[in-house]
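Shown next, in structure tokens, is the structure this report addresses.
Protein chains in written order, with our numbering: chain A, 1 to 109; chain B, 1 to 114.
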């Protein structure tokens with residue numbers, strides 16, 4: 001079957017760095033995306049990796065290794081407003097978008 | 001540009017009824033996808049429409065259907081509602097293949113089935 005695995009919860013301290021991992025097993029692969037969703041809100045796009053390597057957007061970075069079917073989202077200088085759920089997503093060979101079940105990020109002051 | 005809009009925002013129905021949800025994509029976006037979000041299952045793909053054609057369908061029963069109009073607005077319909085259909089239904093539009101096919105989500109419709 002097709003799946004994206006990510007930790008259900010991660011806890012970090014304000015100002016620190018946190019990494020959220022995502023491993024995928026899909027039929028076909030057209031890049032890995034990351035989305036953020038605050039409680040009661042809609043998912044919003046954060047980052048996309050179509051090729052191996054690191055993509056940086058401000059405090060957020062995302063990494064992809066296609067040979068390992070693995071990627072991660074790195075959040076630096078954590079702020080309380082970063083408390084949210086983070087989803088990785090892949091478009092597979094059948095052109096369907098598959099989301100992981102999400103990682104709930106808790107930030108401690 | 002205005003974002004993706006969805007109506008209604010909240011809906012309460014009883015088992016056996018049917019419901020129609022509406023989605024207006026970002027202007028210029030021709031692809032509209034629908035997702036069901038529940039605490040236990042996360043975000044699950046329902047279907048995707050592009051230029052009025054259903055491009056893909058997720059693993060949901062035939063009670064779930066949708067359509068897209070010539071102005072790219074989309075509707076989804078759920079017939080014979082079941083308690084398990086209670087969820088947040090999210091619509092997302094995209095300018096196909098832009099930046100990895102970024103999905104722009106609407107605020108969702110919270111459906112409660114009693």
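By construction, the Cβ of each residue, glycine as well, lies at the ideal position given by its N, Cα and C atoms.
Being a predicted model, the structure only gives us computed values, none of them experimental.
Whole-angstrom distance between residue j and residue i, CA atom to CA atom
i, j, result
"residue 82 of chain A", "residue 58 of chain B", "31 Å"
"residue 4 of chain B", "residue 69 of chain B", "15 Å"
"residue 108 of chain B", "residue 14 of chain B", "19 Å"
"residue 22 of chain B", "residue 106 of chain B", "11 Å"
"residue 100 of chain A", "residue 83 of chain B", "24 Å"
"residue 124 of chain B", "residue 53 of chain A", "The question about residue 124 of chain B has no answer, for chain B in this structure spans 1 to 114."
"residue 66 of chain A", "residue 98 of chain A", "16 Å"
"residue 58 of chain A", "residue 9 of chain B", "32 Å"
"residue 13 of chain A", "residue 78 of chain A", "7 Å"
"residue 32 of chain A", "residue 17 of chain A", "21 Å"
"residue 78 of chain B", "residue 15 of chain A", "45 Å"
"residue 114 of chain B", "residue 39 of chain A", "23 Å"
"residue 71 of chain A", "residue 10 of chain A", "16 Å"
"residue 60 of chain B", "residue 22 of chain A", "25 Å"
"residue 12 of chain B", "residue 90 of chain A", "32 Å"
Extent of the continuous beta strand (DSSP E) to which residue i belongs
i, result
"residue 110 of chain A", "Given a span of 1 to 109 for chain A in the structure shown, any question on residue 110 of chain A remains unanswerable."
"residue 56 of chain B", "53-57"
"residue 42 of chain B", "42-50"
"residue 37 of chain A", "32-37"
"residue 12 of chain A", "9-13"
"residue 95 of chain B", "Here residue 95 of chain B belongs to no beta strand (DSSP E), and DSSP marks it neither H nor E."
Beta-carbon proximity of residue i to residue j, cut-off 9 Å
i, j, result
"residue 93 of chain A", "residue 26 of chain A", "yes"
"residue 18 of chain B", "residue 81 of chain B", "yes"
"residue 19 of chain A", "residue 108 of chain A", "no"
"residue 103 of chain B", "residue 51 of chain B", "no"
"residue 4 of chain A", "residue 30 of chain A", "no"
Close Cβ partners of residue i (< 8 Å) along its chain, the five nearest in sequence each way excluded
i, result
"residue 43 of chain B", "35, 36, 37, 90"
"residue 102 of chain A", "6, 8, 37, 85, 86, 87"
Own chain residues within Cβ distance below 6 Å of residue i, not counting five before or after
i, result
"residue 62 of chain A", "34, 47, 49, 55, 73"
"residue 73 of chain B", "24"
"residue 88 of chain B", "37, 108, 110"
"residue 101 of chain B", "94"
Own chain residues within Cβ distance below 7 Å of residue i, not counting five before or after
i, result
"residue 95 of chain B", "28, 29"
Any non-hydrogen atom of the ligand COA within 8 Å of residue i CB
i, result
"residue 58 of chain A", "What this structure holds is no ligand at all, so the ligand COA is not there to describe."
### Query
Using 8 Å as the Cβ pair cut-off and three pairs as the minimum, do the region 61-72 of chain B and the region 40-52 of chain B touch?
yes
### Query
Below 8 Å, can you find three or more Cβ-Cβ pairs linking the region 15-34 of chain B to the region 36-48 of chain A?
no
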